Amino acid sequence: MKLHFPIEQLWRQVRKMGAQERQYSLNAPVAEPVPDIVTRFNQGGAEIALEDVDVIGGVLGSHGAQIVLYIPDQGQGIDEVLQDGPKGKKVHVADCQTLEQMRQRNRFQRYQAVVNVTGDFNVFGFSMSQRQSVEGTARLRVCINCLKHLNYKGYVTERGQASQILSRFNLKDFFAEHSTLFRYLPTAFIEPKSGYSDDWKEISRNFRARKNYSCESCRVDLNAHKNLLHSHHIDGNKRNNSVTNLQALCGDCHRKQPLHDNMYVKAADLSVIQKLRKNQGVLGDTTDWNDLFQLIDPPYQGLLRLYRSRNEPKPEIGYEVMDALGAVKAEAEMAWPRTKFAVVGDQKAKESWGALGWKVETLEEALRGFRDGK
Ligand SMILES: [Zn+2]
Ligand SMILES: [Zn+2]
Ligand SMILES: [Zn+2]
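Using my numbering, you'd call the opening residue of the sequence shown number 10 and step up by one each time.
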């Protein structure tokens with residue numbers, strides 16, 4: 010098996026550095042060969058045909074990796090774009106109305122598919138001032154229709170917040186928030202981070218033991234899955250290991266901390282955390298919508314806000330149906346058991362709910378329903 014990045018070596022390095030804050034699971038996506046095309050997405054991008062763009066949970070992907078689409082050729086606007094990135098052609102991050110219209114007209118501009126967590130895009134064009142082709146990097150802005158399609162952070166439903174949501178949008182968070190939907194993470198996310206003190210590993214272990222391996226935010230007990238409990242630096246300074254600056258957080262609560270750097274959670278890990286929360290009854294009666302936003306996997310947040318804005322009843326989060334022997338027959342991120350309606354991640358889950366006689370939509374179908382004014 011040929012690895013395109015030396016993951017074991019990286020890990021040895023990470024362990025040596027004692028970088029315990031980000032515990033990756035080695036069981037899943039990253040530890041397998043990455044297709045060449047995905048490597049290219051991560052290294053500046055590759056031109057892509059619309060048919061090759063997959064839509065997963067409303068966002069864009071290809072060959073198992075999350076991507077965004079942009080147009081490198083900024084034409085004669087290049088001088089202005091290099092000065093002021095937001096004036097350039099917009100970056101698509103979701104299956105928005107603009108892309109849908111192009112699809113319908115069978116027109117698809119020459120988009121570049123790229124895994125970009127920095128926000129700096131390679132662009133070129135014909136400079137009118139220099140009378141020649143020029144190139145450079147520009148901080149292009151995200152497409153507004155994309156934010157609408159996802160109801161990202163409540164872009165549609167939260168009155169008066171749209172401009173703030175737009176100005177605060179950043180790709181690093183956006184990719185991290187959708188980590189559960191894709192097989193291959195941005196390669197920038199799996200590079201080891203430096204900056205921890207030499208004794209961090211031990212400090213973190215002792216600290217988490219003192220907290221009885223329980224999350225200080227949602228209270229889930231992770232004694233059976235200690236690697237899913239992290240030690241978080243409240244002030245963001247990885248060398249400030251004073252007890253008052255540390256917080257024990259499960260992987261899910263950890264990634265929801267503000268200003269967090271490249272924090273993500275794998276689908277399998279999130280599912281473990283959700284199950285433990287449920288079994289341990291730490292959720293209690295989640296009667297408040299705000300609790301649901303805390304619990305739900307971020308790709309579903311926009312949809313949850315849409316349901317709230319329509320005064321729909323509150324869904325159950327991480328709902329599952331078991332057979333007589335206690336094996337899970339079907340799992341849904343959102344479900345309304347009384348009306349037997351569920352929203353799920355993929356077609357396979359959809360089929361298992363369908364077999365139980367439920368009405369079910371994928372996240373993508375539900376978002377599209379709102380977009381097209383269902
Ligand atoms: Zn768009
Ligand atoms: Zn937690
Ligand atoms: Zn942290």
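Every residue, glycine too, gets a C-beta built ideally from N, C-alpha and C.
Since the structure is predicted, the reported quantities are computational estimates derived from the model, not experimental observations.
- For GLU225, no alpha helix (DSSP H) run applies, since DSSP gives it neither H nor E.
- GLN92 and ALA147 have their alpha carbons spaced roughly 8 Å apart.
- For ligand 1, residues qualifying as neighbours are HIS101, CYS105, THR107, CYS152, ASN154, CYS155, where qualification means a beta carbon closer than 5 Å to at least one of its heavy atoms (chain order).
- Per the DSSP secondary-structure output, PHE183 pairs with nothing in a beta bridge.
- For SER280, the uninterrupted alpha helix (DSSP H) run begins and ends at 276 to 288, by DSSP.
- Annotation for LEU175: the continuous alpha helix (DSSP H) segment containing it runs 171 to 177.
- Ranked by how close their Cα comes to the Cα of PRO95, the residues VAL64, GLN75, ASP129 have ASP129 in first place.
- As the crow flies, the alpha-carbon of ASP261 is around 30 Å from that of ASP45.
- Of the residues PHE183, PRO81, LEU180, LEU149, the one whose Cα lies closest to the Cα of SER142 is PRO81.
- Listed in chain order, the beta strand (DSSP E) elements of length 3 or more contained wholly in the segment 209 to 272 are 238 to 242, 255 to 259.
- In this structure, ARG49 is the residue among ARG49, PHE133, CYS155 with its C-alpha nearest to the C-alpha of ASN125.
- Relative to ligand 2, ASP230 has its C-beta separated by 8 Å or more from all heavy atoms.
- In summary, ASN160 is buried, with 16 or more beta-carbon neighbours lying within 10 Å of its beta-carbon over all protein chains present.
- Remark: the shortest separation between the CB of LEU149 and any heavy atom of ligand 2 does not fall under 8 Å.
- When only Cα atoms are considered, PHE191 and ALA233 end up about 26 Å apart.
- Counting C-beta atoms within 10 angstroms of its own C-beta, ALA58 has fewer than 16 neighbours from the protein chains shown and is therefore classed as exposed.
- Using a Cβ distance threshold of 9 Å, GLY327 and LEU304 count as a contacting pair.
- In this structure, DSSP gives TRP298 a helical state, which the three-state scheme calls helix.
- With a cut-off of 8 Å, the C-beta of LEU258 is classified as near ligand 3, since at least one heavy atom of the ligand falls inside that distance.
- For TRP362, the enclosing alpha helix (DSSP H) stretches over residues 356 to 364.
- Note on SER138: under 16 other CB atoms within 10 angstroms of its CB, so exposed under the neighbour-count rule.
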